[in-house]
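Engineer: Quick one: structure below, then a few questions.
In the numbering used here, the protein residues as written are 44 to 330.
Printed below as a string of structure tokens:
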């Protein structure tokens, strides 16, 4: 496997799933070292947490890594990078507030700059060059236990994130002429406003939100359909094995997984064992 990985690098051929996992795992190790050095709190989250708990590594058909951070640690990470700290020579932090960064998402990504990625759903955006990534989601606090109860800042974030998505994803037609016109009427104002504007507005809302440990419930605003009891995150981190190395996870990770996925120990049907990303990844030229 390591030899085929080097061949792909030398030939700049398309990266396979196992190549992506290998790159992402090395990025995760680099971030873990950086977080320990600077005392940053983070946890494995979502499919990565599920993979650690159920497989002791990647879910076999998964192709990304997800990290969660308390909002205050997240913005401290941004500050550290702006002050010249590097996670790794070939790893960049892409987030609103990072100097010389073009924001296009309301959460952060770590990019391995030795690689190049084209997401087929995204329109070309000037100054945005994607690479193999790790997602970093900031968690904030909320008074409500469900989205239906809706705090104002959650509703405001949802609106701006919808505009951000419309401005950065390809336009798709509706099922009929009227449906297409309605989509066009929603898409045009978002496109005219521009992804930079909507991303920056989302970030401002996120910054002003309460700290997650100040409230009984918490969420990452980019996925506001899921609001979690903050108690899942309270206490000393659990350590779980992920691809042979121990990483920090939520203190009550089993409760989180049951809340999010139900019977998380069971495998999904074969038809659902697929990646959610429609992309092409390669080694960057000259790497």
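In this text, a Cβ means the ideal position worked out from N, Cα and C, and glycines have one as well. Since this is a predicted model, take the numbers as computed values, not measurements.
1. Apart from the five residues on each side of it in sequence, which residues of its chain come closer than 7 Å, Cβ to Cβ, to residue 225?
2. Give the straight-line distance between the Cα atoms of residue 114 and residue 220, rounded to the nearest whole angstrom.
3. Could you please give the first and the last residue of the uninterrupted alpha helix (DSSP H) stretch that includes residue 158?
4. If we ignore side chains and look at the alpha-carbon of each, how far apart do residue 50 and residue 282 end up?
5. Is the CB of residue 76 under 8 Å away from at least one CB in chain B?
6. Measuring CA to CA, which of 162, 191 and 110 is closest to residue 291?
7. Rounding to the nearest angstrom, what Cα-Cα distance links residue 102 and residue 88 in this structure?
8. Taking the alpha carbon of residue 142 as the point to measure from, which residue in 122, 60 and 66 has its own alpha carbon closest?
9. Among all the DSSP beta bridges, which residues are the ones paired with residue 109?
10. Could you spell out the range, first to last residue, of the alpha helix (DSSP H) harbouring residue 249?
11. Contact defined as beta carbons within less than 8 Å: I believe residue 211 pairs with residue 147. What is the distance between those atoms, to the nearest angstrom?
12. Tell me the DSSP secondary structure of residue 260 in three-state form.
13. Compute the distance between the beta-carbons of residue 185 and residue 262, then report whether it is under 8 Å.
14. Taking residue 287 as the reference, which of 78, 63, 100 and 85 has the closest Cα?
15. Assuming residue 144 and residue 137 make a contact with CB atoms under 8 Å, what is their CB distance in whole Å?
Structural biologist: Concretely, from the data shown:
1. If we look at residue 225 and ignore the five residues flanking it on each side, its Cβ neighbours are 217.
2. Spanning the two alpha carbons is a distance of roughly 43 Å.
3. Careful: residue 158 lies outside any alpha helix (DSSP H), inside the beta strand (DSSP E) at 158–162.
4. At residue 50 the pLDDT is 49, less than 50, meaning the model places this residue with poor confidence and gives no usable figure here.
5. Protein chains in the displayed structure number just one, and chain B is not present.
6. Ranking 162, 191 and 110 by CA distance to the CA of residue 291 puts 110 first.
7. Straight-line Cα distance between these residues: approximately 13 Å.
8. Closest option to residue 142, judged by alpha-carbon separation, among 122, 60 and 66: 122.
9. Beta-bridge partners of residue 109 (DSSP): 178.
10. Segment 238–251, the alpha helix (DSSP H) holding residue 249.
11. Contact flag correct, Cβ pair sits at about 6 Å.
12. Strand.
13. Between residue 185 and residue 262, the gap from beta carbon to beta carbon is short of 8 Å.
14. When each option's Cα is compared against that of residue 287, the closest is 100.
15. Contact flag correct, Cβ pair sits at about 6 Å.
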